[in-house]
Amino acid sequence: MVHALKDIRRVLARGGLLLDLRPLSGAWPVEVVGAGGVTVTGHVDESEDIADDRAAAAALAAVEREGLFVRERDGDFDFSWYWDSLGEAQAYIAEKWTEARVPEEVLAETQRQMARAGEGARVRVSTRVVISRWRRLGP
Amino acid sequence: MTVQRDPEEREINHLHAFADFAGARVLEIGCGEGRLTWRYAGAAARVVGVDPDPKRLGVARSDCPPALRSTVTFALAKAEALPFPRETFDLAVLAWSL
């Protein structure tokens, strides 16, 4: 990762900016969103990449220590995916999030809550995304 | 399969709050299928999206909106070996890819 950050610095103009956006690994809440409100039905286990999160943070800290970039700003926000049915959510997760695990009991509870919420209800999964801005330093 | 991603537009709002894309030469690393690219490219002078996955890049190329085709190009590359000269870009975006 440090090697990648150094090559990014190479192609950036002097004083150029690097934005890093990353979803945080962990337990991503699964919810049913209906006219009557929002019900949490469990979590998607996205903890496989926690080591990658730590490695990314360490790489950015390393290039800052070397005086290659300086951190200017941090923030975070919730990023959500919505599906009209549990089946669509399952198909998407199976195709796109190959390392994610959705426990059977979460699927069953989501199905129950979708039926209870009625027409127009949607399945929502959310993650926390961190964003940081770094300025290229040096010649 | 229908999915709505970030209909609240928090991601693009944060991107614009953190950097001024107007007139910028932008490199997006890990552009994938262009999900994020389409959302800011209209403001930039030039955007190059790179990704190591040729299938995802193929989708990005075919999905590129006509209005952005003169601004956005894509290249098969990894962040560790970017095929560009020194100091080519004003802004680099690591799009869920570090």
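Chains as they are written, first to last, in the numbering used here: chain A, -1 to 137; chain B, 2 to 99. Ideal Cβ placement from N, Cα and C applies to all residues, glycine included. From a predicted model like this one, the values you see are computed outputs, not experimental measurements.
Short CB-CB distance (under 8 Å) between residue i and chain B
i: residue 61 (chain A); result: no
i: residue 101 (chain A); result: no
i: residue 36 (chain A); result: no
i: residue -1 (chain A); result: yes
i: residue 129 (chain A); result: yes
i: residue 19 (chain A); result: yes
i: residue 6 (chain A); result: yes
i: residue 9 (chain A); result: yes
i: residue 136 (chain A); result: no
i: residue 2 (chain A); result: yes
i: residue 44 (chain A); result: no
i: residue 52 (chain A); result: no
i: residue 22 (chain A); result: no
i: residue 14 (chain A); result: yes
i: residue 117 (chain A); result: no
i: residue 86 (chain A); result: yes
Cβ neighbours of residue i in the same chain (closer than 7 Å, five flanking residues each side left out)
i: residue 76 (chain A); result: 124, 126
i: residue 48 (chain B); result: 27, 29, 38, 42, 72, 73
i: residue 57 (chain A); result: -1, 0, 3
i: residue 97 (chain B); result: 31
i: residue 98 (chain A); result: 42, 43, 44, 91
i: residue 35 (chain B); result: 50, 61, 64, 65
i: residue 25 (chain B); result: 45, 46, 91, 92
i: residue 40 (chain B); result: 13
i: residue 39 (chain A); result: 28, 29, 30, 104, 107, 108, 111
i: residue 20 (chain B); result: 92
Expected contact under 8 Å - CB spacing of residue i and residue j to nearest Å
i: residue 14 (chain A); j: residue 16 (chain B); result: With 8 Å as the limit, residue 14 (chain A) and residue 16 (chain B) do not qualify as a contact, their Cβ atoms being about 16 Å apart.
i: residue 10 (chain B); j: residue 11 (chain A); result: At roughly 29 Å, the Cβ-Cβ gap does not stay under 8 Å, so residue 10 (chain B) and residue 11 (chain A) are not in contact.
i: residue 41 (chain A); j: residue 25 (chain A); result: 4 Å
i: residue 20 (chain A); j: residue 83 (chain B); result: Contact doesn't hold; Cβ gap of about 19 Å is too wide.
i: residue 131 (chain A); j: residue 70 (chain A); result: 5 Å
i: residue 80 (chain B); j: residue 5 (chain A); result: 6 Å
i: residue 3 (chain B); j: residue 82 (chain A); result: 6 Å
i: residue 9 (chain A); j: residue 85 (chain B); result: 5 Å
i: residue 7 (chain B); j: residue 23 (chain A); result: 18 Å between Cβ atoms; not a contact.
Neighbour flag for residue i against chain A, beta carbons, 8 Å
i: residue 23 (chain B); result: no
i: residue 38 (chain B); result: no
i: residue 81 (chain B); result: yes
i: residue 7 (chain B); result: yes
i: residue 96 (chain B); result: yes
i: residue 75 (chain B); result: no
i: residue 10 (chain B); result: no
i: residue 61 (chain B); result: no
Own chain residues within Cβ distance below 8 Å of residue i, not counting five before or after
i: residue 77 (chain B); result: 51, 52, 53, 55, 58
i: residue 118 (chain A); result: 32, 33
i: residue 84 (chain A); result: 105, 108, 109, 112, 121
i: residue 134 (chain A); result: 7, 10, 11, 12, 13, 14, 15, 16, 66, 67
Spatial neighbours of residue i in its chain, beta-carbon cut-off 6 Å, leaving aside the 5 residues before and after
i: residue 106 (chain A); result: none
i: residue 74 (chain A); result: 126, 128
i: residue 94 (chain B); result: 29
i: residue 37 (chain A); result: 30, 111
i: residue 33 (chain B); result: 52, 57
i: residue 75 (chain B); result: 50, 58, 61, 62
Mind checking the stretch 65 to 82 of chain A against chain B and listing, in chain order, the residues whose C-beta falls within less than 7 Å of any C-beta there? 71, 73, 75, 76, 77, 78, 79, 80, 81, 82
The stretch 63 to 79 of chain B touching the stretch 23 to 39 of chain A, judged by at least three CB pairs closer than 8 Å: no
The stretch 49 to 65 of chain A / the stretch 106 to 120 of chain A touching (three or more Cβ pairs under 8 Å): no
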